[in-house]
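Under my numbering, the residue at position 189 of the sequence shown is numbered 1224, and the numbers go up by one with no gaps.
Here a beta-carbon is modelled for each residue, glycine too, at the ideal position from N, C-alpha and C.
One structure is given below, encoded as C-alpha cells.
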Amino acid sequence: MSLARRSFLVALATTFPLAALAAGAHDSVGCSGCHSIHTAKGEIIFAVPQNKTMLNPKTKQPYTGTTALCLGCHADSKEGGQGYAPVNGHMSHPFGLASVNPKIAKVPPELLREGGRFECLGCHDPHPSNPYYKYLRVDTAKGSKMDAFCAVCHPIKADVATAKESAVLFTSMDETGDRVLKAPAPAPAAAPKAPAKKK
Ligand code: HEC
Ligand code: HEC
Ligand code: HEC
Ligand code: HEC
C-alpha cells in the first residue's frame, strides 16, 4: 500500500470512522454511511449533507438531488465535499442535468431520475451489490471495454458492432426483480435505413 493511500485511509478513519472498517470503496462506507435511519437530510434519507458549495455550470446553482449527495463525499473540501476520490477537476462529462438533449444522448429511461433528470446514477449504481468496475451500470471488463459503456447512451457515435451489442444494465433498485436489466437493443446506428414504404 502506498504511503499516500495509507495516509488517505488514516484521514478517512479520523474524519469518517465508518469508512475505516474495511478497505474497498463503498463496502467500507456501509449502508449507514449513505443512509441514516435517524435524520432525513435528503430525499432518500441520506447520512451525509448535500454539497451546497460546488456549482452546476449549467444553472450556476448548487447541484440537487442524489448528485448533491454523491458530491457531499466526492468533491474536494474546498468544493464542499469530503475529498474521497473527488470528481471535480477531472470529470468533464456532464451530470446533474434537468433534462437530456436527445441529439446528444439517448439515455435508457431506467437510468434517468424523476422528470428525466440525468444524475451520477445514470452511469453508476453505487450499491455494494454492484460487481462492476467503478460501480458502472455496465460491465466494461475492468475498464477495458469502455466503448460499450459509452454506446449505451451514444449508440450513433459507436462503431456498428459495438452499437449492435445490447448492454446488460446493472440495477439494485427493484427488490422484486433481478440485478440486471437487459437494455433495449440500441438502434442499429450506422446500418443503412430501409427505404420508406410507399403509402
Ligand atoms: C454510496 C452511497 C450508498 C450506499 C453505500 C448505499 N446506498 Fe442505498 N441508495 C443510495 C442512493 C443514491 C439511492 C437512490 C438510488 C436511485 O435512485 O437509483 C439509494 C437507494 C436505496 C434504497 C431505496 C430503494 C427505492 O426503491 O427507493 C434502499 C432500500 C437502499 N438504498 C438500501 C441500501 C442498503 C441496504 C445498503 C447497504 C447494503 C445501501 N443502500 C448502501 C446510496 C447508497
Ligand atoms: C459517505 C461518503 C460517500 C458517499 C455519499 C458516496 N461515496 Fe462513493 N466512495 C466513497 C469512498 C470512501 C470511496 C473509496 C475511495 C477510494 O478508495 O479512493 C468511494 C468510491 C467510489 C467509486 C469508485 C469505486 C472503485 O471501485 O474504485 C465510485 C464510482 C463512487 N464512489 C461513486 C459514488 C456515487 C455515484 C455516489 C452517489 C450515489 C457516491 N459514490 C456516494 C464514499 C462515498
Ligand atoms: C457519463 C457517465 C458518468 C457520469 C455521469 C458520472 N461518472 Fe463517475 N465514472 C465514470 C466512468 C466511466 C468512470 C471510470 C473512469 C476510469 O477509471 O476509467 C468513473 C469513475 C468514478 C469514480 C472513481 C474515480 C477514481 O479515482 O477511481 C468516482 C468516485 C465517480 N466516478 C463518481 C461519480 C460521481 C460522484 C458522479 C456525479 C457527480 C459521477 N461519477 C458521474 C462515468 C460517469
Ligand atoms: C448513461 C448515459 C451516458 C453514458 C453511458 C455516457 N454518456 Fe456522454 N452524455 C450523456 C448525457 C446525458 C450527455 C449530455 C446531453 C445534454 O447536453 O443534454 C452527454 C454528453 C456527452 C458529450 C458532450 C459533452 C458536452 O459538453 O456537451 C460527450 C463528448 C460525451 N457525452 C461522451 C461520452 C463518452 C466518451 C462516454 C463513455 C466514456 C459517455 N459519454 C457515456 C449520457 C451518457
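Separation of residue j from residue i, as counted between CA atoms
i     : j     : result
T1088 : A1196 : 42 Å
L1056 : P1121 : With a pLDDT of only 35 at L1056, under the threshold of 50, the placement of this residue in the model should not be trusted; the figure read from the coordinates follows. For L1056 and P1121, the distance between alpha carbons rounds to 21 Å.
T1211 : Y1167 : 21 Å
G1131 : S1201 : 25 Å
D1062 : N1165 : 10 Å
A1103 : D1174 : 25 Å
K1169 : I1139 : 24 Å
G1116 : V1064 : 15 Å
L1171 : V1215 : 12 Å
A1176 : G1068 : 28 Å
P1137 : T1094 : 19 Å
I1072 : C1066 : 10 Å
H1070 : D1194 : 40 Å
C1185 : L1156 : 15 Å
T1020 : Q1085 : Examination of residue 1020 is not possible in this model, given that the chain is present from 1036 through 1234 alone.
C1105 : M1126 : 14 Å
A1183 : V1083 : 33 Å
T1152 : N1123 : The sequence as given places Arg at residue 1152; Thr does not occur at that position. Each residue's alpha carbon lies about 20 Å from the other.
G1178 : Q1096 : 32 Å
S1134 : I1191 : 20 Å
M1181 : D1160 : 16 Å
P1129 : P1092 : 9 Å
A1058 : H1162 : Note that A1058 scores a pLDDT of 39, beneath 50, so its modelled location is shaky and nothing firm can be said.
heavy atom of ligand 2 below 7 Å from residue i C-beta
i     : result
Y1098 : no
P1161 : yes
V1173 : no
Whole-number beta carbon distance between residue j and residue i, since they are thought to touch under 8 Å
i     : j     : result
T1206 : E1145 : 7 Å
Y1119 : H1109 : 6 Å
P1143 : V1203 : Not confirmed; about 11 Å, so no contact.
Neighbour flag for residue i against chain C, beta carbons, 8 Å
i     : result
P1129 : The structure shown contains no chain C; it is built from a single protein chain.
Strand pairing of residue i, partner residues [DSSP]
i     : result
H1159 : L1171
P1097 : L1090
R1152 : R1148
F1205 : V1215
L1132 : F1153
Closer than 7 Å: residue i CB and nearest ligand 3 heavy atom
i     : result
C1105 : yes
V1122 : yes
H1109 : yes
C1069 : no
G1178 : yes
K1087 : no
Any non-hydrogen atom of ligand 1 within 7 Å of residue i CB
i     : result
G1118 : no
T1101 : yes
Heavy atom of ligand 6 within 7 Å of residue i beta-carbon
i     : result
M1208 : This structure lacks ligand 6; the ligands present are ligand 1, ligand 2, ligand 3 and ligand 4.
Which residues have their C-beta within less than 6 Å of a heavy atom of ligand 4, listed in chain order?
H1128, P1129, L1132, V1135, N1136, I1139, A1140, V1142, L1146, F1153, G1157, C1158, M1181, F1184, C1185, V1187, C1188 and H1189
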